[in-house]
Structure formats: structure tokens, C-alpha cells
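In UniProt numbering, the protein residues as written are 1 to 343.
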Ligand SMILES: C[S@@+](CC[C@H](N)C(=O)[O-])C[C@H]1O[C@@H](n2cnc3c(N)ncnc32)[C@H](O)[C@@H]1O
């Protein structure tokens, strides 16, 4: 007989082992359009109808829907001897393309790109670096994925969608009204810039990102009528950084080595107006490195894709003070942490 404690540990082990199957079930239901169809239909549907509408086999669909029910991504009800499937509140909120807080593009990026990258994890651990050369035919992750406009747009949609979950929280974590001129370095689609102008009516935001990203952001993500968001095409390592009161670096530092972060933060410090600041937004590791799990998983993703890693609060304050910034203060939000430091 095994003890209850042992049995619980074994259950956890088996759940970990199946973690990727869970992800793939959810990604596949997104990809095939199950959640979208149920959102559009407005009423629960039978497995056969769902299979017919989505052009799949009835057998495959029945098994996929069953797994989604067990994962609480779908719910069932019985009507006239038939089992009917509907979205749960969570799927309605997050898993359809048009869901209010859609994570569809996030799921698709994970399914089509991240999942494949993780195939090389053992090699990345052995070599201590990403394997972009093997998987993307380029040393630099961004160079690799931005070669195709379609892929760049998918990456930007993924970045954009994730902020529908926690963007407002990180921008509201500190009172940023004292910083009228904000520069979002590597600001991508402008999701956080939009949160800034929503929360702080007197600020303007300049997004500096690579030229192809800026062009795509203007075309697909930010309307021309948006007067308070401006763009600069550039490379934040090579080109001039514009003067501002506050610099946002959201999910930037975790892409780069300590040396590159130090180089960038020093450049930001020099460009920053007196009494200005820098806001770093990242998933921060606990000081004892025992968690949070999501930050550790992000670190693994950084290993396979970038030069970077997630860091502890002390590692961030060391980088910030080496660049000249002081008074670093950290606030935790549900998903990401915000660290504000002053010039
Ligand atoms: C992980 S994404 C984060 C995007 C955005 N800050 C967010 O949190 O949604 C990193 C961003 O940095 C940009 N980037 C990468 N290298 C860059 C460089 N050398 N100069 C300017 N932007 C760069 C990428 O194009 C991308 O938009």
C-alpha cells in the first residue's frame, strides 16, 4: 500500500507527464474553431453537428470534446437523449478569436512555434544557448521570425492579446501621471501604450521598435486617429533613444544577457529626463528562486528562443543601479511584476 502523500505525489507526476497533451488538446480545439463555433451558434451543439460544421471526423471530434469537458473548457447538457456541448465562461472569455479577452493568438503561437522550439530543449540545456540557428535559420529570434510578415503579425497578435489579461494592472501598479512623455521601448503592437493613454489622460507615448514591427503596428494595430501614440523605427541597441520622462521595458530584459541589459539600461539612463524613470515589466523570480512556476517556465522559453532569462528582484535592482537608476520599487500584479526606478 502506498501512503496518501505518495499517491498524491504520483498523481502530480502523472499530471506533469501529460501537461503537453493538455496544452495540445486546448490548442487543437482553438485551431479547429470549436470555441468560435460555439460562441457564434449561441446555443449548445451536438458533437456530430460540431464535427460537420468544422469538417472533422465525428469520432475525432467526440474524443476532443470529451477531453475539453474534462478540462472544464466545455460543458455538457442533455437534451432529447443527445449530449450537447457549450463553452464554459472561461472559454467564452478567452478562447474564441472574438472573445473579449481572447488568448487565441497566444494559443496558436504556442502551438505552432513554441511547442516546436521545445523539441530542442535538451540540446539548449546541453549547450546553454538557444537553437534559433537550427529552428529559425537565424541567430537572432526576432530576425528569424520577422522574415515572414505573416509570422511577424502572428507574433504581434500574440503579444497584443496577452495584455488584454494583465496590461491595465501593470500600467496602474504605480501612479505614472507624473510622467507626461513616455517611451515604450520594443513596444510592439502598442497594447501597453493604449493602456497608458487610457489611464493617464495627459501623457503621450512613443513606441520605438524595429522598422518592420512599426510598419505592421501602424497598419494593423493602432488607428491613424490615435493622436497620442507615436512611433519611431529603430534598433534600441544601435540607434538614438528619444528623450522621455519614463521608459517602459516590458518583456524586453528577459530577452537579453546581463551585458546587453546593462548596455540598454545605461543608454536609457542617459536619454532619460531628470527625475524621470524606467518601468520594467517582467515575470520576476522569487529571491530564493523557488518560484513562481510561471516565471521558471518563461525562463525555459527564453533559453530555447533568446539570449535571456527571468531574474530575481535583486538581479533587477543590481542591473538598474549599475546603470545609474535608484529607488527601485517593485509591485506584483497577478501575472507580471512592475519595477519602477528613478533617475
Ligand atoms: C517580447 S517582445 C515584447 C513586446 C512588448 N513590449 C510587450 O510586452 O508586448 C520584444 C519586443 O522587442 C522588440 N525588439 C527586439 N529587438 C529590438 C531592437 N534591437 N530594437 C528595438 N526593438 C527590438 C521586438 O520587435 C518586440 O516587439
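Idealized CB from N, CA, C, for every residue including glycine.
Would residue 192 pass as a contact of residue 166 if the rule is Cβ separation under 7 Å? As a working mapping, residue 192 is identified with position 192 in the chain shown. As a working mapping, residue 166 is identified with position 166 in the chain shown. For residue 192 and residue 166, no; Cβs fall outside 7 Å.
Exposure label - residue 55; buried when at least 16 CB within 10 Å: The count along the chain shown starts at 1 and reaches residue 55 at position 55. Exposed.
Check: residue 236 C-beta below 6 Å from any heavy atom of ligand 1: The residue you call residue 236 lines up with position 236 of the chain shown. The answer is yes for residue 236.
Tell me whether residue 302 is buried or exposed, calling it buried when 16 or more other Cβ atoms sit within 10 Å of its Cβ. Walking along the chain shown from the start, residue 302 turns up at place 302. So residue 302 counts as buried.
Just how far apart, CA to CA, sit residue 187 and residue 339? As a working note, residue 187 is residue 187 in the chain shown. As a working note, residue 339 is residue 339 in the chain shown. Those two C-alpha atoms are separated by around 17 Å.
Between the C-alpha atoms of residue 97 and residue 158, what's the straight-line distance to the nearest angstrom? In the chain shown, the residue the question calls residue 97 occupies position 97. In the chain shown, the residue the question calls residue 158 occupies position 158. The alpha-carbon atoms of residue 97 and residue 158 are separated by roughly 12 Å.
At which residues does the beta strand (DSSP E) containing residue 257 begin and terminate? To locate residue 257, count along the chain shown from 1; it is residue 257. From DSSP, residue 257 is part of no beta strand (DSSP E); its letter is neither H nor E.
Residue 314 to residue 50 span [Cα, whole Å]: As a working note, residue 314 is residue 314 in the chain shown. As a working note, residue 50 is residue 50 in the chain shown. The alpha-carbon atoms of residue 314 and residue 50 are separated by roughly 51 Å.
Residue 250 beta carbon near ligand 1 (any heavy atom closer than 6 Å): Along the chain shown, read from residue 1 onward, the residue named residue 250 stands at position 250. Answer for residue 250: yes, Cβ within range of ligand 1.
Per the contact definition of three or more C-beta pairs closer than 8 Å, is the stretch 42-49 in contact with the stretch 107-117? Judged by pairs of C-beta atoms under 8 Å, the stretch 107-117 does not touch the stretch 42-49, as fewer than three such pairs exist.
Pair every Cβ in the stretch 280-289 with every Cβ in the stretch 213-221, then say whether three or more of these pairs are closer than 8 Å. no
What do you reckon, is the C-beta of residue 136 under 6 Å from a heavy atom of ligand 1? Here residue 136 is taken as the residue at index 136 of the chain shown, counted from 1. No, the beta carbon of residue 136 sits no closer than 6 Å to any heavy atom of ligand 1.
Bounding residues of the alpha helix (DSSP H) (the contiguous stretch that carries residue 298): Here the question's residue 298 lines up with position 298 in the chain shown. 293-305 is the extent of the alpha helix (DSSP H) around residue 298.
With 16 as the cutoff for other CB atoms within 10 Å, does residue 190 come out buried or exposed? Numbered from 1 along the chain shown, position 190 holds the residue referred to as residue 190. Buried, by the Cβ-count rule.
Span of the alpha helix (DSSP H) holding residue 158? Working through the chain shown from its first residue, we reach residue 158 at position 158. First-last of the alpha helix (DSSP H) with residue 158: 149-172.
Excluding the 5 residues flanking residue 1 on each side, which residues of the same chain have their C-beta closer than 6 Å to its C-beta? Indexing the chain shown from 1 puts residue 1 at position 1. Nothing listed; no residue qualifies.
Pairs of beta-carbons, one from the stretch 294-308 and one from the stretch 253-261, closer than 8 Å: are there three or more? yes
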